[in-house]
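Worksheet: one structure, shown below.
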Amino acid sequence: MELILIPIITALISAWAGKWSRRAALLGSLITGLFILYFFQNFNPAGGLQWQWDKAWFSSAIHFHTGIDGISMIMLILTNVLTPVILLSAFNKKEDTPLLFALIVGMQGALNGVFVARDGLMFYIFWELALIPVYFIAGLWGEGNRFKTTLRFFICTFIGSLAMLASLIYLFSKTPDASSFSYEALVAVKLSANEALWVGLGLLLAFAVKIPLMPLHGWQPSTYTEAPAAGTMLLSGIMLKMGLYGLLRWFMPMVPEALPTFVPVIVAAGITGVIFAALIAIRQNDMKRIVAYSSLSHVGLIAAGIAVAGETGIQGGLLQMFSHGVNAVGLFLAIDIIERRNNTRLLDSLGGMAGQSRAFAVFFLIIVLGATAVPFTNGFPGELLLLKSVFGFHPFWGILAGITVILCAVYMLRMYQFSMFGEPKGTSFPALQWHEWTALSVILIMILFFGLFPQKMLDISAPEVKNLLLLIKNTGEAMS
Amino acid sequence: MTSLLILFLGAILVLYFGIHKPEKKSLGITVLLLISALSFLVKDWFAFISKNLPAWQIKLVPANMLIWDSTAIAFSIVIVLSLLLVIGLFSRNNNMGADLLGLMLFSVCGGMLMTSFSNLIMLFLGIECLSIPLYVLAGSKKSDLASNESAVKYFLMGAFSTAIFLMGCAFIYGGSGSIELESISRSLAMLGHIGVKSNLIFAGIILLMAGMLFKVSAFPFHFWSPDVYDGSPNRTTVFMATVVKIAAFAAFFRLFNYALSDVKNWWGMTLAISAAATILFGNIAAIRQTSFKRTLAYSSVAHAGYMLMAILAVPVDGFWALLVYLLAYASSAVIVFYILDRTSDGKPDFSFDNFNGLGKNNKWLSLLLIVSLFSMAGIPLTAGFAGKYGLFSGIIASYPWLLVIALAGSAISIAYYFRVFKNAFFSNQGAGFKQEIGLTEIIFLFLALMLTLLVGCWPAVITSLQIIPA
Numbered sequence: 001m002e003l004i005l006i007p008i009i010t011a012l013i014s015a016w017a018g019k020w021s022r023r024a025a026l027l028g029s030l031i032t033g034l035f036i037l038y039f040f041q042n043f044n045p046a047g048g049l050q051w052q053w054d055k056a057w058f059s060s061a062i063h064f065h066t067g068i069d070g071i072s073m074i075m076l077i078l079t080n081v082l083t084p085v086i087l088l089s090a091f092n093k094k095e096d097t098p099l100l101f102a103l104i105v106g107m108q109g110a111l112n113g114v115f116v117a118r119d120g121l122m123f124y125i126f127w128e129l130a131l132i133p134v135y136f137i138a139g140l141w142g143e144g145n146r147f148k149t150t151l152r153f154f155i156c157t158f159i160g161s162l163a164m165l166a167s168l169i170y171l172f173s174k175t176p177d178a179s180s181f182s183y184e185a186l187v188a189v190k191l192s193a194n195e196a197l198w199v200g201l202g203l204l205l206a207f208a209v210k211i212p213l214m215p216l217h218g219w220q221p222s223t224y225t226e227a228p229a230a231g232t233m234l235l236s237g238i239m240l241k242m243g244l245y246g247l248l249r250w251f252m253p254m255v256p257e258a259l260p261t262f263v264p265v266i267v268a269a270g271i272t273g274v275i276f277a278a279l280i281a282i283r284q285n286d287m288k289r290i291v292a293y294s295s296l297s298h299v300g301l302i303a304a305g306i307a308v309a310g311e312t313g314i315q316g317g318l319l320q321m322f323s324h325g326v327n328a329v330g331l332f333l334a335i336d337i338i339e340r341r342n343n344t345r346l347l348d349s350l351g352g353m354a355g356q357s358r359a360f361a362v363f364f365l366i367i368v369l370g371a372t373a374v375p376f377t378n379g380f381p382g383e384l385l386l387l388k389s390v391f392g393f394h395p396f397w398g399i400l401a402g403i404t405v406i407l408c409a410v411y412m413l414r415m416y417q418f419s420m421f422g423e424p425k426g427t428s429f430p431a432l433q434w435h436e437w438t439a440l441s442v443i444l445i446m447i448l449f450f451g452l453f454p455q456k457m458l459d460i461s462a463p464e465v466k467n468l469l470l471l472i473k474n475t476g477e478a479m480s
Numbered sequence: 001m002t003s004l005l006i007l008f009l010g011a012i013l014v015l016y017f018g019i020h021k022p023e024k025k026s027l028g029i030t031v032l033l034l035i036s037a038l039s040f041l042v043k044d045w046f047a048f049i050s051k052n053l054p055a056w057q058i059k060l061v062p063a064n065m066l067i068w069d070s071t072a073i074a075f076s077i078v079i080v081l082s083l084l085l086v087i088g089l090f091s092r093n094n095n096m097g098a099d100l101l102g103l104m105l106f107s108v109c110g111g112m113l114m115t116s117f118s119n120l121i122m123l124f125l126g127i128e129c130l131s132i133p134l135y136v137l138a139g140s141k142k143s144d145l146a147s148n149e150s151a152v153k154y155f156l157m158g159a160f161s162t163a164i165f166l167m168g169c170a171f172i173y174g175g176s177g178s179i180e181l182e183s184i185s186r187s188l189a190m191l192g193h194i195g196v197k198s199n200l201i202f203a204g205i206i207l208l209m210a211g212m213l214f215k216v217s218a219f220p221f222h223f224w225s226p227d228v229y230d231g232s233p234n235r236t237t238v239f240m241a242t243v244v245k246i247a248a249f250a251a252f253f254r255l256f257n258y259a260l261s262d263v264k265n266w267w268g269m270t271l272a273i274s275a276a277a278t279i280l281f282g283n284i285a286a287i288r289q290t291s292f293k294r295t296l297a298y299s300s301v302a303h304a305g306y307m308l309m310a311i312l313a314v315p316v317d318g319f320w321a322l323l324v325y326l327l328a329y330a331s332s333a334v335i336v337f338y339i340l341d342r343t344s345d346g347k348p349d350f351s352f353d354n355f356n357g358l359g360k361n362n363k364w365l366s367l368l369l370i371v372s373l374f375s376m377a378g379i380p381l382t383a384g385f386a387g388k389y390g391l392f393s394g395i396i397a398s399y400p401w402l403l404v405i406a407l408a409g410s411a412i413s414i415a416y417y418f419r420v421f422k423n424a425f426f427s428n429q430g431a432g433f434k435q436e437i438g439l440t441e442i443i444f445l446f447l448a449l450m451l452t453l454l455v456g457c458w459p460a461v462i463t464s465l466q467i468i469p470a
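Chains A and B are the protein sequences, given in the same order. The first sequence begins at 1 in this note's numbering and counts up by one. The second sequence begins at 1 in this note's numbering and counts up by one.
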């Protein structure tokens, strides 16, 4: 509850706080982070749902029900660590932008709402709400043909959300006496195979558009490229994870009856996306576009790994969701820093920055290595688990997915090499400012820490993942 | 009931003031009348909750004419509230004379009859009482050709549809032997008995439906509404979009759900198809418009399609969903029309370009615009979503395909609602909007905004007033 209210109130204050807004926003965001720290300290991974808060909301059937379990915890840590970083990254924007900070903090509240929701309609409401700040961020401060791009982004995701709403309402109407939207009640609904197919399709559409899975990714590269840095970080770092989280928490347990049909489709779409996006990324000149496609490539693998519905895959997926969030924000942060100093982010007009700023070169290198999944960075253990699980599903897809490691190294290192080495093309590289130092350091610590101790993260979610799998299995078997 | 008398006598009083006293006072009196009518209605409502009032309270000789039950009170409250908002927001510089105010009050009396009839004759009188002042209001910009055109068009179409409706009444009378809702419903329950002619009743229902579909501007009888909405002065357009729509839907709901619910299998599918076509047509046509006022007219057609779903839903669910939806639509439409009116002041047309630069110059109006357009599009935490949710969950069991079409319509509607944002916030051109907003207007805007947000964040505020509508 605090996790939702504090950011939203902060956003309201910060929107009208004038020159104090950035400080107010950061403070509110950090306070929310402290709450997460407190929850994390007192968190018992095996304790199921904790810190519940349950009040009737729309009607007696629709509750405002929040609670944190192992899976939510990882997402919450991700959201609340990254939001202050994103705020810091935007700190020296010259324009008058109290609204930008308000929107970012508001986004934090909505995202927390998505990750703690235990009620179907509440989940939908926050899901929708998280879309709005990012729409305005991308629309107001974006570049290029921003109106068209953001509208396309909004409509694509909105169609998905509406399909999800239809599925949720349908599930609701099948609960005893149409009496409850709660997660447990919706999971307990038994559907016929045909119903499960349609309901699953609705839910999957929402999540697949957001992730985005391969044929539905049309909105993603242009939105990432044209949104301002803060918007792109929010989108790639956290919002994508809403789709993956939804896939794991809301899609698979709701329609276990239809999973045998859906899993091959998701795996195929995911792995195709992995290869396809990686190949495109290699040819790009715009750094943001490279990272956008690399993002597409990574989440494809995560989605495939989760969909296989084994413990390895889901655990690896969760770990990789976290790592990818950190790495993507790190990459976009680095690109933003480069762009601010050179007024360009095209590879062919960049170069030689390593000689100009050693500190930045080190930061950037470690982030790139993290994204490439080099051992001892956070990208490695998750990717390993995911590949193992996809390989277990079918060796063909496993081998195909394995190629991503090579392709990823190619485009990431190409990007690093072209931008950092060679003859300096920019005039000078002003030293990093304090807020950039802080933001980069946070990212760096996360990359190294979870690269060295991935077990810390896996332990948080392990019991809950077991429960979830049990839930999927039980409901599935009761049907067949 | 008291409120109906207050408004009717008050309307005469306002006209009298228009002749003898300075016209300025008539505005204050109208607002006072509306507030007192509203308070009587609220008092009636709470009396109902504590069950002090019998359902059939007013029985006029020689037959039951009016029924003042919870449905009637609830819809009347929304009607009077919307008129209050309309008058509060559209009467700046005293541009509404006593004549217009009087006509609006008379029209609202008709609207209240339409919520509370228990006899087809009374419904017919209500429709006429609502419509005749409206024909005048549509043409109230006397020197404007478009306004005159819309008045004539509306009059011809309206008269035609009323005739069809009356024909339907005659058939129902022929088939069932009565024009009272109660006895019609009784004879429908004994279909097949001697004296009940199902062919005549069936034909009557189809004609009644055509007449009502015309009044709510639903497909295939929607074609008049864009022209009429576009041509009428803004204050009349918003009056038609809110008050008239609410009254028409209240009547539609009562007629089909109370009197004809036994033969739902006769009209259910037809109505569902009409609703689907209305949603699709309204939304798709709205995308292609260049005038924002016309876009709003088409969007109001689309909204009528959504509201038709309430009539198809289970009566109790449908009632609450319709009430919330009407309240949501009225409060956001009033704000959007107000902003449209202000931004296009002194401009030749109502194009989207009029909104240019709004975001830079007036943050509060921008906020209002965002919230109310979100509400119209059905984004969560605004009243529009609460209404849509109620409608969707009401029909999913019986018409799942209609739900899919309604959702598709919602997605399409984003395209034109958000087009305004492009002009208002994302575009840097335009001198922008720099006008003073009076204190009264701020109060009423705030009221409408609060309604939208309160109902959106916490619809239980309305739906927890749970009494089963009689």
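For each residue, glycine too, the CB sits at the ideal point set by N, CA and C.
Answer with buried or exposed for residue i, where buried requires no fewer than 16 other C-beta atoms within 10 angstroms of its C-beta.
{"i": "residue 3 (chain B)", "result": "buried"}
{"i": "residue 288 (chain A)", "result": "buried"}
{"i": "residue 55 (chain B)", "result": "Here the model assigns residue 55 (chain B) a pLDDT of 49, short of 50, so the residue's position is not dependable, and the following value carries that caveat. So residue 55 (chain B) ends up on the exposed side."}
{"i": "residue 191 (chain A)", "result": "buried"}
{"i": "residue 122 (chain B)", "result": "buried"}
{"i": "residue 235 (chain B)", "result": "buried"}
{"i": "residue 470 (chain A)", "result": "exposed"}
{"i": "residue 143 (chain B)", "result": "exposed"}
Look at residue i and residue j and say whether their C-beta atoms are less than 8 Å apart.
{"i": "residue 230 (chain B)", "j": "residue 140 (chain B)", "result": "no"}
{"i": "residue 77 (chain B)", "j": "residue 38 (chain B)", "result": "yes"}
{"i": "residue 352 (chain B)", "j": "residue 423 (chain B)", "result": "yes"}
{"i": "residue 134 (chain B)", "j": "residue 125 (chain B)", "result": "no"}
{"i": "residue 224 (chain A)", "j": "residue 292 (chain A)", "result": "yes"}
{"i": "residue 102 (chain A)", "j": "residue 15 (chain A)", "result": "yes"}
{"i": "residue 328 (chain B)", "j": "residue 375 (chain B)", "result": "yes"}
{"i": "residue 26 (chain B)", "j": "residue 246 (chain B)", "result": "no"}
{"i": "residue 398 (chain B)", "j": "residue 312 (chain B)", "result": "yes"}
{"i": "residue 98 (chain B)", "j": "residue 15 (chain B)", "result": "yes"}
Against residue i, what residues of chain B qualify as contacts under a CB-to-CB distance less than 9 Å, listed in chain order?
{"i": "residue 173 (chain A)", "result": "393, 396, 397"}
{"i": "residue 147 (chain A)", "result": "418, 419, 421, 422, 426, 427"}
Taking the beta strand (DSSP E) that residue i belongs to, which residues open and close that run?
{"i": "residue 237 (chain A)", "result": "It is not in any beta strand (DSSP E) - residue 237 (chain A) carries neither H nor E in the DSSP assignment."}
{"i": "residue 54 (chain A)", "result": "50-56"}
Note down, in chain order, every chain A residue with its Cβ under 9 Å from the Cβ of residue i.
{"i": "residue 407 (chain B)", "result": "159, 162, 163, 165, 166"}
Under DSSP, the alpha helix (DSSP H) around residue i begins and ends at which residues?
{"i": "residue 298 (chain A)", "result": "287-307"}
Going by CA-CA distance only, name the one from the options that's closest to residue i.
{"i": "residue 265 (chain A)", "options": "A:228, A:293, A:214", "result": "A:214"}
{"i": "residue 254 (chain A)", "options": "A:283, A:7, A:66, A:164", "result": "A:164"}
{"i": "residue 468 (chain A)", "options": "A:125, A:256, A:211, A:238", "result": "A:256"}
{"i": "residue 238 (chain B)", "options": "B:187, B:199, B:297, B:272", "result": "B:297"}
{"i": "residue 220 (chain A)", "options": "A:418, A:240, A:183", "result": "A:240"}
{"i": "residue 417 (chain B)", "options": "B:27, B:286, B:281, B:171", "result": "B:286"}
Residue i touches chain A at which residues, Cβ-Cβ below 8 Å?
{"i": "residue 404 (chain B)", "result": "166"}
{"i": "residue 414 (chain B)", "result": "151, 154, 155, 158"}
What in chain A is Cβ-close to residue i, meaning under 7 Å?
{"i": "residue 373 (chain B)", "result": "The premise fails here: residue 373 (chain B) is roughly 12 Å from chain A at the closest Cβ pair, so nothing lies under 7 Å."}
{"i": "residue 411 (chain B)", "result": "155, 158, 159, 162"}
By the criterion of Cβ-Cβ separation under 7 Å, what are the contact partners of residue i in chain B?
{"i": "residue 128 (chain A)", "result": "379, 380"}
{"i": "residue 140 (chain A)", "result": "425, 426"}
{"i": "residue 460 (chain A)", "result": "In chain order: nothing, as chain B lies at least about 30 Å away."}
{"i": "residue 266 (chain A)", "result": "Within 7 Å Cβ-Cβ: nothing; residue 266 (chain A) doesn't reach chain B, min ~23 Å."}
For residue i, which residues in chain B fall below 8 Å Cβ to Cβ?
{"i": "residue 170 (chain A)", "result": "396, 400"}
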